[in-house]
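Novice: Using full-length UniProt numbering, read the sequence shown as starting at 1 and increasing by one per residue.
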Amino acid sequence: MQRELTLQVSPEIAANSEALHIATAQHSGIPLSEIKHIEILRRSIDSRQRNIKINLKVLVFVNEDFEDIPISLPSYPEVSQQESILIVGAGPAGLFAALRCIELGKKPIVLERGKDVKARRRDLKALNLQHIVNEDSNYCFGEGGAGTYSDGKLYTRSKKRGDVMRILKLLVGFGATKEILIDAHPHIGTNKLPKIIEDIRNQIIASGGEIHFNTRVTDILVKSNEIHGIQTATGDLLHCRKLILATGHSARDIFELLYTKGIYIEAKPFALGVRAEHPQSLIDKIQYKCDDRGDYLPPSAYSIVKQVHGRGMYSFCMCPGGIIAPCATSPQEVVTNGWSPSKRDQSTANSGIVVELRPEDFKAFGDSPLAGMYFQKEIEQRAWLKAGKTQAVPAQRMVDFTQKKVSSTLPTTSYKPGVSSVELGEVFPTFITKILRDGFVAFGNTMRGYFTNEAILHAPESRTSSPVRIPRDSFTLEHVQIKGLYPCGEGAGYAGGIISAAIDGEKCAERCVESMGTFSSI
Ligand code: FAD
Numbered sequence: 001m002q003r004e005l006t007l008q009v010s011p012e013i014a015a016n017s018e019a020l021h022i023a024t025a026q027h028s029g030i031p032l033s034e035i036k037h038i039e040i041l042r043r044s045i046d047s048r049q050r051n052i053k054i055n056l057k058v059l060v061f062v063n064e065d066f067e068d069i070p071i072s073l074p075s076y077p078e079v080s081q082q083e084s085i086l087i088v089g090a091g092p093a094g095l096f097a098a099l100r101c102i103e104l105g106k107k108p109i110v111l112e113r114g115k116d117v118k119a120r121r122r123d124l125k126a127l128n129l130q131h132i133v134n135e136d137s138n139y140c141f142g143e144g145g146a147g148t149y150s151d152g153k154l155y156t157r158s159k160k161r162g163d164v165m166r167i168l169k170l171l172v173g174f175g176a177t178k179e180i181l182i183d184a185h186p187h188i189g190t191n192k193l194p195k196i197i198e199d200i201r202n203q204i205i206a207s208g209g210e211i212h213f214n215t216r217v218t219d220i221l222v223k224s225n226e227i228h229g230i231q232t233a234t235g236d237l238l239h240c241r242k243l244i245l246a247t248g249h250s251a252r253d254i255f256e257l258l259y260t261k262g263i264y265i266e267a268k269p270f271a272l273g274v275r276a277e278h279p280q281s282l283i284d285k286i287q288y289k290c291d292d293r294g295d296y297l298p299p300s301a302y303s304i305v306k307q308v309h310g311r312g313m314y315s316f317c318m319c320p321g322g323i324i325a326p327c328a329t330s331p332q333e334v335v336t337n338g339w340s341p342s343k344r345d346q347s348t349a350n351s352g353i354v355v356e357l358r359p360e361d362f363k364a365f366g367d368s369p370l371a372g373m374y375f376q377k378e379i380e381q382r383a384w385l386k387a388g389k390t391q392a393v394p395a396q397r398m399v400d401f402t403q404k405k406v407s408s409t410l411p412t413t414s415y416k417p418g419v420s421s422v423e424l425g426e427v428f429p430t431f432i433t434k435i436l437r438d439g440f441v442a443f444g445n446t447m448r449g450y451f452t453n454e455a456i457l458h459a460p461e462s463r464t465s466s467p468v469r470i471p472r473d474s475f476t477l478e479h480v481q482i483k484g485l486y487p488c489g490e491g492a493g494y495a496g497g498i499i500s501a502a503i504d505g506e507k508c509a510e511r512c513v514e515s516m517g518t519f520s521s522i
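1) In whole angstroms, what separates the C-alpha of A501 from that of Q26?
2) By a C-beta neighbour count over all protein chains shown, 10 Å radius and 16 as the cutoff for buried, is E64 buried or exposed?
3) Mind checking who G312 pairs with in its DSSP beta bridge?
4) Can you tell me whether A455 is helix, strand or coil according to DSSP?
5) Less than 9 Å between the C-beta atoms of K115 and V79, yes or no?
6) Skipping 5 residues on each side, what residues in its chain have a beta carbon closer than 8 Å to that of R50?
7) Could you check whether the Cβ of C508 sits closer than 8 Å to any heavy atom belonging to the ligand FAD?
8) In the DSSP assignment, what are the bridge partners of E510?
9) Taking A328 as the reference, which of N134, I52, E103, D400 has the closest Cα?
10) Sort R397, S465, Y486, S466 by Cα distance to F475 and report the nearest one.
11) Mark H278 as exposed unless 16 or more other C-beta atoms lie within 10 angstroms of its C-beta, in which case mark it buried.
12) Among Y149, A206, K223, G229, which has the Cα closest to the Cα of V217?
13) For A392, which residues in the same chain have their Cβ closer than 7 Å to its Cβ, ignoring the five residues on either side in sequence?
14) For the beta strand (DSSP E) that E210 lies in, which residues bound it at each end?
15) Tell me whether S342, by its Cβ, gets closer than 8 Å to a heavy atom of the ligand FAD.
16) Using the rule of at least 16 other Cβ atoms within 10 Å of the residue's Cβ for burial, across every protein chain shown, is A364 buried or exposed?
17) Look at the Cβ atom of L436, then the Cβ atom of I353, and state whether they are nearer than 9 Å.
18) Output needed for V513: all residues of its chain with C-beta closer than 7 Å, excluding positions within five of it in sequence on either side, in chain order.
19) Suppose only complete runs of 3+ residues qualify. What are the beta strand (DSSP E) ranges in the region 179 to 261, listed by chain order?
20) Out of curiosity, what's the CA-to-CA distance linking I85 and L243?
21) Is C101 near the ligand FAD - that is, is its Cβ less than 8 Å away from at least one heavy atom of it?
22) Across the region 155 to 175 and the region 314 to 324, are there enough close Cβ pairs to call them in contact, namely three or more that are closer than 8 Å?
23) Tell me whether I499 counts as near the ligand FAD, meaning its Cβ is closer than 8 Å to at least one heavy atom of that ligand.
24) Does the region 131 to 146 touch the region 192 to 208, meaning 3 or more C-beta pairs lie closer than 8 Å?
25) Check Y486 in the structure and name its three-state DSSP category.
26) Can you determine whether any heavy atom of the ligand FAD sits closer than 8 Å to the C-beta of C140, and answer yes or no?
27) Hey, R472 and H479: beta-carbon distance below 9 Å or not?
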């Protein structure tokens, strides 16, 4: 017999199988000797009280043995001779679109401007140590997309639990730990993601699909409002009837290309601000209400949102035990974001703290749909200028920022290319600075200890989501004007993270295959 139970235990008990058996027996009245196995189905931390608890949903095997059935991948057929679908971009949207195409019997041909995950590492090293930005291979561009060298947080605001679980199970099938299926806030970590991405690539190739690295698409060929093919930077032409465009939020050249070709795009609100870094021990102290989190609790995350002067100001992509990364995609700009290893064992906690922006904020940049992108770019370029025209980042202590005081000293931060002491009010338009200044004080009222000069702000955090939407029909997912074009993932404005991008990639592949007339739902 199996019994599903919910229970609350201490972190120590949750981490110890024997203790958990005893606690479950006491809680449920099931004799300890009859409990053969406890399978954890869901796990979350309740840190609202000083006495922190772990909430568990468990399946108890009573007088019944447990059989551990490994999560297997779908059976991917051989598709090398099948009709092809062109996919631009090998981020989560593009890769999961490719896998789904194979499942549905079509051959994906993936074109990626960047390098494979291993080769990409060299360019990240050059970016961190020598300030060299390769415009095709960086933290945003290359195999696996923007999420490859990230924290690999896998939570999403999507309410479609089935869709989310499907992607999580595929990730487990490709080598992620099963823990991601049970944790309320699962993550993978920078050290583990590249191998998973590599295994996805190997599956695509083994099934007869193609992936071409170092292949930047520079033109999209359209005839009578129908997709006809693409051109690459080396001048190669590739004809296609179906094109999934999954180029991410940083492919400014693609947005410009679509605009100049008269392919309909829209301005989209996004958010922008700074990346704040605190000692992890301070965040633990605030969140767990204790001096030391001990051996059984993970480094604490936080999530905070406030309305400040009528706008949302909120934490974004918080990385406990993480590192701030240089995420520029062109020279002469500075951009920050964050990542963590799977153990989240670095001594600092970082998070984007951003202010919501609206299309009317970009008026000074004209009324084209690219105005928000130019606004974003100008702030990134100003940051580059102010910090000394390298990948060093303008930085300021938190309290100093609110008091308009250039910090006289800056401690070493996790941002490897270095920091330069700058009054951050000089980087942002006045309205953003004012919201951030007042917002940090307000954050300190909610999270006692957060507002401190121990915290360092790095500017800007500007690639939070796409500044442009490529509109599509809500059912067919085809572009509203161009037949055969499927705008997909974060760059098109339909995703905001690894999981939602992967879900969108699958959906686009499904609609695309369906439109080819041979779709059978699997
Ligand atoms: P992308 O991942 O941006 O992929 C687009 C791909 O298209 C890129 O590989 C790019 O090289 C390629 N491309 C662009 N232009 C062209 C062209 N012209 N020709 C050919 N190829 C092209 N999200 C989370 O959910 N959790 C996290 O913990 C997290 N941490 C992050 C940390 C960092 C440092 C960064 C940068 C992002 C992070 N994100 C995180 C965001 C997440 O990575 C993105 O939401 C997600 O990758 C979007 O997927 P996508 O496939 O739509 O686009």
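Heads up, the beta-carbon is just placed ideally off N, CA and C, and yes, glycines get one too.
Specialist: A quick look at the data gives this:
1) Roughly 43 Å separates the two Cα atoms.
2) Under a 10 Å Cβ-count criterion, E64 is classified as exposed, with fewer than 16 other Cβ atoms of the shown protein chains found around its own Cβ.
3) Q307
4) A455: coil per DSSP, three-state reduction.
5) no
6) The beta carbon of R50 sits closer than 8 Å to the beta carbons of K289, C290 from its chain, once the five residues preceding and following it are set aside; these are given in chain order.
7) no
8) E510 is not bridged to any residue.
9) N134
10) Minimum Cα distance to F475 is reached at Y486.
11) buried
12) G229
13) P417, G418, V419, S420
14) 210 to 212
15) no
16) exposed
17) yes
18) Only C101, L104, K106, F519 meet the Cβ criterion.
19) 210 to 212, 217 to 223, 226 to 232, 237 to 239, 243 to 245
20) 6 Å
21) no
22) no
23) It does: the Cβ of I499 is within 8 Å (strictly closer) of some heavy atom of the ligand FAD.
24) With a cut-off of 8 Å, the region 131 to 146 and the region 192 to 208 count as touching, because enough Cβ pairs lie within range.
25) Correct three-state label for Y486: strand.
26) yes
27) yes
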